[in-house]
Amino acid sequence: MSGNDAVARGVWEAGVRVAAAYPGTPSTEILESLSRYPDIHANWAVNEKVSLEIAIGASVAGSRAFAAMKHVGVNVASDALMSQTLAGVEGGLVIAVADDVGLSSSQNEQDSRYWGRFGHLPMLEPCDSQEAYEMVKEAYELSEKFNVPVLLRVTTRVSHVKSVVTAGSREEREVKGFEKDPARWVLVPANAKRKVGVQFERDKALADYAETCKLNVIEEGSDKRVGFVTSGPAYLHLREAFPDAPVLKLGLTYPLPIEA
Numbered sequence: 350m351s352g353n354d355a356v357a358r359g360v361w362e363a364g365v366r367v368a369a370a371y372p373g374t375p376s377t378e379i380l381e382s383l384s385r386y387p388d389i390h391a392n393w394a395v396n397e398k399v400s401l402e403i404a405i406g407a408s409v410a411g412s413r414a415f416a417a418m419k420h421v422g423v424n425v426a427s428d429a430l431m432s433q434t435l436a437g438v439e440g441g442l443v444i445a446v447a448d449d450v451g452l453s454s455s456q457n458e459q460d461s462r463y464w465g466r467f468g469h470l471p472m473l474e475p476c477d478s479q480e481a482y483e484m485v486k487e488a489y490e491l492s493e494k495f496n497v498p499v500l501l502r503v504t505t506r507v508s509h510v511k512s513v514v515t516a517g518s519r520e521e522r523e524v525k526g527f528e529k530d531p532a533r534w535v536l537v538p539a540n541a542k543r544k545v546g547v548q549f550e551r552d553k554a555l556a557d558y559a560e561t562c563k564l565n566v567i568e569e570g571s572d573k574r575v576g577f578v579t580s581g582p583a584y585l586h587l588r589e590a591f592p593d594a595p596v597l598k599l600g601l602t603y604p605l606p607i608e609a
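For the sequence shown, our numbering assigns the number 350 to the initial residue and increments by one for each residue that follows.
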């Protein structure tokens with residue numbers, strides 16, 4: 350299963366009902382794969398901002414929702430994204446961002462990990478298809494626990510490389526429905542100002558979570574001459590070159606664990 354197919358599988362199993370995307374390599378196949386699953390509305394949008402707004406609408410109505418785009422697409426979607434980080438979510442909201450490292454089909458390179466700090470958003474980063482499948486499901490739990498959209502960063506080496514994935518079954522989830530609450534959802538200045546403090550409190554809670562997050566793994570290793578900190582598919586290259594070195598493998602790349 351490719352990384353993109355694995356993301357789609359995890360989204361479907363997480364009980365997502367609405368998914369939207371704008372096509373762009375290396376993210377395109379995620380929605381193509383999702384469209385073949387039952388019980389999910391998969392929508393191509395006219396641009397990345399609209400795709401995110403579709404997902405936001407579903408989340409506000411209490412459904413788990415998903416959006417996918419390539420790295421430059423986050424630039425287009427950032428208006429909606431930066432506001433929703435303040436408003437929060439009702440149903441879990443996960444955004445897959447596919448970075449085209451090496452410009453195989455893009456006009457530039459961007460490191461989407463900066464959006465984590467910039468947007469006060471937790472970010473997960475898988476190294477292969479199995480982790481992509483598992484992390485997207487974990488991302489929904491994280492989104493609903495902390496009332497925040499979650500970014501799943503993949504790269505071309507994850508999106509288009511195939512590996513064996515052990516999958517499960519779909520978890521059906523009840524849709525809560527929309528509850529009118531202007532103070533929560535309408536970000537006029539007075540409401541937005543009140544939410545800034547909430548956002549910083551959430552940052553502290555996420556920082557505490559990062560210290561014990563099971564997605565961050567320490568591998569002791571027998572060769573203690575040099576240690577490594579890594580994330581994403583770079584971990585696989587590292588393990589091939591230094592099979593016995595101690596490694597801190599980060600699955601949650603924002604916020605980073607400081608004390609642990």
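Ideal Cβ positions, reconstructed from N, Cα and C, are used throughout, including at glycine.
Starting from residue i, trace the alpha helix (DSSP H) both ways and give me its first and last residue.
| i | result |
| --- | --- |
| THR377 | 377-383 |
| MET350 | MET350 -> no alpha helix (DSSP H), and no H or E assigned at all. |
| ALA429 | 420-436 |
Where does the unbroken beta strand (DSSP E) through residue i begin, and where does it stop?
| i | result |
| --- | --- |
| GLU568 | 566-568 |
| LEU601 | 601-603 |
| ASP448 | 442-448 |
| ALA369 | 367-370 |
| HIS390 | 390-393 |
| VAL535 | That residue, VAL535, is in no beta strand (DSSP E); it is neither H nor E in DSSP. |
Which one of the options has the shortest CA to CA distance from residue i?
| i | options | result |
| --- | --- | --- |
| GLU362 | ARG588, VAL425, HIS586 and ALA488 | ALA488 |
| LEU536 | GLY359, THR434, ALA394 and ALA355 | THR434 |
| SER412 | ARG551, PHE577, GLU569 and GLY526 | GLY526 |
| LEU430 | GLY465, LYS486 and LEU599 | GLY465 |
| ALA436 | PRO531, SER453 and ALA370 | PRO531 |
| LEU473 | ARG588, SER580 and ASP354 | SER580 |
Note down the Cα distance separating residue i from residue j, rounded to an integer number of angstroms.
| i | j | result |
| --- | --- | --- |
| TYR386 | GLU402 | 22 Å |
| SER384 | GLY364 | 14 Å |
| SER512 | SER351 | 6 Å |
| LEU442 | PRO471 | 12 Å |
| ARG519 | ARG358 | 9 Å |
| GLU493 | GLU521 | 16 Å |
| ASP593 | LEU500 | 31 Å |
| LYS542 | HIS390 | 35 Å |
Taking a contact to mean a Cβ-Cβ separation below 8 Å, would you say residue i touches residue j in this structure?
| i | j | result |
| --- | --- | --- |
| THR505 | VAL450 | yes |
| ALA439 | SER408 | Note that residue 439 corresponds to Glu in the displayed sequence, not to Ala. Contact flag set, yes. |
| THR377 | ARG462 | no |
| GLN459 | VAL503 | no |
| VAL417 | ILE379 | One point to set straight first is that residue 417 is Ala, not Val, in the sequence displayed. Yes, these two residues count as a Cβ contact at 8 Å. |
| MET484 | LEU587 | no |
Less than 7 Å between C-beta atoms, sequence neighbours within five positions excluded: which residues of the same chain meet that for residue i?
| i | result |
| --- | --- |
| ALA554 | PHE495 |
| VAL497 | THR434, GLY437, VAL438, LEU470, PRO471 and ARG551 |
Excluding five sequence neighbours on each side, which residues of the same chain lie with their C-beta closer than 6 Å to the C-beta of residue i?
| i | result |
| --- | --- |
| GLN479 | VAL514 |
| LEU597 | ILE567 and VAL578 |
| ALA447 | PRO375, SER376, LYS419, VAL503 and SER508 |
| ALA369 | ASN392, ALA394, SER400, ILE403, ALA404 and ALA416 |
| ASP572 | ASP593 and ALA594 |
Might you give, ordered along the chain, the residues of its own chain that have their beta carbon closer than 8 Å to the beta carbon of residue i, omitting 5 neighbours on each side?
| i | result |
| --- | --- |
| GLU608 | GLU560 |
| ASP477 | GLY352, VAL507, VAL510, SER512, PRO582 and LEU585 |
Does any heavy atom of the ligand FMN sit closer than 7 Å to the C-beta of residue i?
| i | result |
| --- | --- |
| PHE467 | This structure does not include the ligand FMN; it has no bound ligands of any sort. |
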